[in-house]
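Protein chains in written order, with the numbering used here: chain A, 1 to 352; chain B, 353 to 704.
Remarks on the structure that follows.
Protein chains: 2
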Amino acid sequence: MQPTAADWIALALAPGIGPVRCGALLRGELDACGAAATVAQAREAVAEERIQRLLQWCARNDTQVLTPAEACYPAVLAMIPDPPPMLFVRGDAHLLTRPQVAVVGARRASRRGLADAAWIADELTRAGLLVTSGLALGVDGAAHEAALAAGGWTIAVLGSGPDRIYPQRHLDLAARVRQRGALVTEFMPGMAPAPHHFPRRNRLISGLSLGVVVVEAAEHSGSLITARLAAAQGREVFAMPATARDPGGRGCHRLIREGARLLTSIDDVLEELPVELCAGLKQPAVSSAEVSGAGPAQVEDKLLALFDAEGSVFDALLLRSGLDAATLNARLVELELDGRVAREHQRWVRLM
Amino acid sequence: MQPTAADWIALALAPGIGPVRCGALLRGELDACGAAATVAQAREAVAEERIQRLLQWCARNDTQVLTPAEACYPAVLAMIPDPPPMLFVRGDAHLLTRPQVAVVGARRASRRGLADAAWIADELTRAGLLVTSGLALGVDGAAHEAALAAGGWTIAVLGSGPDRIYPQRHLDLAARVRQRGALVTEFMPGMAPAPHHFPRRNRLISGLSLGVVVVEAAEHSGSLITARLAAAQGREVFAMPATARDPGGRGCHRLIREGARLLTSIDDVLEELPVELCAGLKQPAVSSAEVSGAGPAQVEDKLLALFDAEGSVFDALLLRSGLDAATLNARLVELELDGRVAREHQRWVRLM
Chain A
1 MQPTAADWIA
11 LALAPGIGPV
21 RCGALLRGEL
31 DACGAAATVA
41 QAREAVAEER
51 IQRLLQWCAR
61 NDTQVLTPAE
71 ACYPAVLAMI
81 PDPPPMLFVR
91 GDAHLLTRPQ
101 VAVVGARRAS
111 RRGLADAAWI
121 ADELTRAGLL
131 VTSGLALGVD
141 GAAHEAALAA
151 GGWTIAVLGS
161 GPDRIYPQRH
171 LDLAARVRQR
181 GALVTEFMPG
191 MAPAPHHFPR
201 RNRLISGLSL
211 GVVVVEAAEH
221 SGSLITARLA
231 AAQGREVFAM
241 PATARDPGGR
251 GCHRLIREGA
261 RLLTSIDDVL
271 EELPVELCAG
281 LKQPAVSSAE
291 VSGAGPAQVE
301 DKLLALFDAE
311 GSVFDALLLR
321 SGLDAATLNA
331 RLVELELDGR
341 VAREHQRWVR
351 LM
Chain B
353 MQPTAADWIA
363 LALAPGIGPV
373 RCGALLRGEL
383 DACGAAATVA
393 QAREAVAEER
403 IQRLLQWCAR
413 NDTQVLTPAE
423 ACYPAVLAMI
433 PDPPPMLFVR
443 GDAHLLTRPQ
453 VAVVGARRAS
463 RRGLADAAWI
473 ADELTRAGLL
483 VTSGLALGVD
493 GAAHEAALAA
503 GGWTIAVLGS
513 GPDRIYPQRH
523 LDLAARVRQR
533 GALVTEFMPG
543 MAPAPHHFPR
553 RNRLISGLSL
563 GVVVVEAAEH
573 SGSLITARLA
583 AAQGREVFAM
593 PATARDPGGR
603 GCHRLIREGA
613 RLLTSIDDVL
623 EELPVELCAG
633 LKQPAVSSAE
643 VSGAGPAQVE
653 DKLLALFDAE
663 GSVFDALLLR
673 SGLDAATLNA
683 RLVELELDGR
693 VAREHQRWVR
703 LM
């Protein structure tokens, strides 16, 4: 049973069903019975009319509702323990499936921090990666601006409803991100930002990204929380150094001591991202047209050729195949039913 | 057979007997026969008159000749693979047995580098450690100056003879280091500095020190060589970070990636130095008077009480006991003859 968009919306709105259970459902970790029961419970709890009202509001307000039923629900986000069953997107939702690197840091950034944020966002953009951040003052804003200035797209994840831009000083920036990127949030329309929203928001910033760059951060700051969440999600953490006695360097220096990669050049990022991805940025192993234009049998053979000997994560196959997530998933399920592939933990492995 | 001072001088002057063989001799790694043969070979090769002339020159020029026959030959230096059989010292040779931390870095240092060098030298001095460096322009000079300004002693290791101060601009600094510290070199009186002297000099800077702090360094600089030598000698390497794009930070950032400790506070140094040493800096485990004032039997019991369960390196015992190296060595040899301790690799272990 594949939940529909309405099912996922109900799961998001139903009390008592958290993103962790949604994640289990999303990754196929519940048996058919448990999955059906979870969806039924959600549909029971949430009036159909409420779902329709929400969809109508979104249609009227140029806001896309993105659920795992959509092809452009990002595969990397689906891999975190607590993926959101529903996201509101303003701008181009398809960008969410593109490889992203988060750039985060202090709101009260120093001139050095702002310059470093702009520099690395520019470099990432030129390397073909999307810059994802939180639209906050300071480092976040500098990163979004530099990505736009470099002619790139950028993704801003909000801690408020899609219609409630915060901070006010970034209203204009938000409008430009919407034009050349996407504003993303899991908070309901009309919801004001609140301090407890930001840790939830931060897990999405790292969850959407292959790696997180911390530019400048005090010793006990939200950016460090984002970095630790990122590490827990299996994402690479990069920290930019500062001079020894710069208080704004304390957070990054702590991260470096804890094992984050010291970042002094874009190569430090590119070297650590999955090899298949970096290859994909320059020249896809199999072009999207090549796989998607072929007949189903050919597609399956080509897909199987993309598997690593020890198996591959969904994401790697997604990037290598150039297929969208839903198509790839469908193909993999067919191959699984044919007994040609199997799931082992987080990987898909070839059986012959 | 314990070589005399004249033996060590002959070993230093004899052609074809390098510091590595001297090190083996010094650490008792040659059997009695091999040791006697090495010394005899050196005495044969070097005219007694030459040794006497050297000693006379030193006496007339207020220069101490320091060989492993002297108690103040530093135990940590004796542990490196290639310890010098002879050192010339101007100033207080006894300071060489004090715990030292080297501060090294770029000659063409930035203002940031100079300020960081002065800061860490000041902190080390206040923590009771001696700052050792190379009297060069830039970071070295700033470190020596700051140690003196903090009321401490400082040790400068030269790449030229004891009477040939280099660079000229540091003549005045050298005079003050001689008053409040020591100038040290293994190069013969009259020898001018030469490029190939500096790697040899650098091994002494790290060899005298428990750890080496690199303040600012280009990517391929002498300071990195010193740092790698230090690591090979088993000494801790600390590197001060800089901002991501500072070219003067490249060397330190590279060291950090290679495993050097990122240094942002004096505590980073103190935490990494041998625990027994740090304790010793604050309050000796057994005071010098306590051990040295006691009778031989009591001394031996007290000494045995200082051993770690898995054995202790000579240095640790030296620091814990407060004895001078020669006395400690004599006591350990007595205990060894009594069958109460044994040498195992680099450690002394209790047998009962």
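Idealized CB from N, CA, C, for every residue including glycine.
Here the structure is a predicted model, which is why all the values come from computation and not from measurement.
Between the alpha carbons of B:R672 and B:L523 lies a distance of about 37 Å. Across the set B:V372, B:L535, B:E475, the C-alpha of B:L535 shows the shortest separation from the C-alpha of B:L439.
Around the C-beta of B:Q452, 16 or more other C-beta atoms lie within 10 Å, and the residue is accordingly described as buried. Runs of the alpha helix (DSSP H) lying entirely within the segment 18-45 of chain A and spanning at least 4 residues, in chain order: 19-26, 32-45.
In this model, B:A392 and B:D667 are separated by some 29 Å (Cα to Cα). Per DSSP, the beta bridge partners of A:S312 are A:W348. Assignment of A:T154 by DSSP, reduced to helix, strand and coil, places it in the strand class. By DSSP's assignment, A:A182 forms a beta bridge with A:G91, A:I155.
Put simply, of B:I432, B:E422, B:V651, B:A594 the residue whose alpha carbon is nearest the alpha carbon of A:G113 is B:A594. C-alpha of B:L481 to C-alpha of B:A579: approximately 19 Å in a straight line. Taking 8 Å as the upper bound for CB-CB distance, B:E571 and B:G603 are in contact here, some 6 Å apart.
Using a Cβ-Cβ cut-off of 9 Å, B:T506 is close to nothing in chain A; its nearest Cβ partner there is about 21 Å away. Nearest in C-alpha terms to A:L255, of all of A:D268, A:D267, A:V213, A:A342, is A:V213. Contact check for B:P367 and B:A397: beta-carbon distance about 6 Å, within the 8 Å limit, so the pair qualifies. In this structure, the CA atom of B:R373 is about 38 Å from the CA atom of B:D619. Sequence-distant partners of B:A461 (beyond 5 residues in either direction) whose C-beta falls short of 6 Å from its own C-beta, in its chain, are G490, V491, E568. For B:T484, the enclosing beta strand (DSSP E) has its first and last residue at 482-485. Apart from the 5 residues on each side of it in sequence, A:T97 sits with its Cβ closer than 6 Å to the Cβ of C72, P74 in its chain, given in chain order. At a cut-off of 9 Å between beta-carbon atoms, B:H605 makes contact with chain A. Taken in chain order, the complete alpha helix (DSSP H) segments of 4 or more residues contained in the segment 532-612 of chain B are 549-560, 574-584, 602-609.
Between A:L229 and A:P84, the C-beta gap is not smaller than 9 Å, which leaves the two residues out of contact.
Looking at the backbone, the Cα of A:D308 and that of A:W348 are separated by about 9 Å. Taking the CA atoms as reference points, A:C58 sits about 22 Å from A:T154. A:A146 sits buried, since 16 or more C-beta atoms from the chains shown fall within 10 Å of its C-beta. Of the candidates B:V456, B:Q416, B:I432, B:A467, the residue whose Cα lies closest to the Cα of B:G443 is B:Q416. Annotation for B:Q416: the continuous beta strand (DSSP E) segment containing it runs 416-418. When DSSP states are grouped into helix, strand and coil, B:R459 belongs to the coil group. The C-beta distance from B:I577 to B:P551 rounds to 6 Å, short enough to fall under 8 Å. Bounds of the alpha helix (DSSP H) holding A:Q52 are 48-60. Boundaries for B:D434: no alpha helix (DSSP H) harbours it, and the DSSP string shows neither H nor E there.
With 16 or more neighbouring CB atoms inside 10 Å of its own CB, A:R43 falls in the buried class.
Of all residues in the segment 236-247 of chain A, the ones placed with a Cβ closer than 9 Å to any Cβ belonging to chain B are M240, P241, A242, T243, A244, R245, D246, in chain order. The three-state reading of DSSP puts A:A305 in helix, counting H, G and I together.
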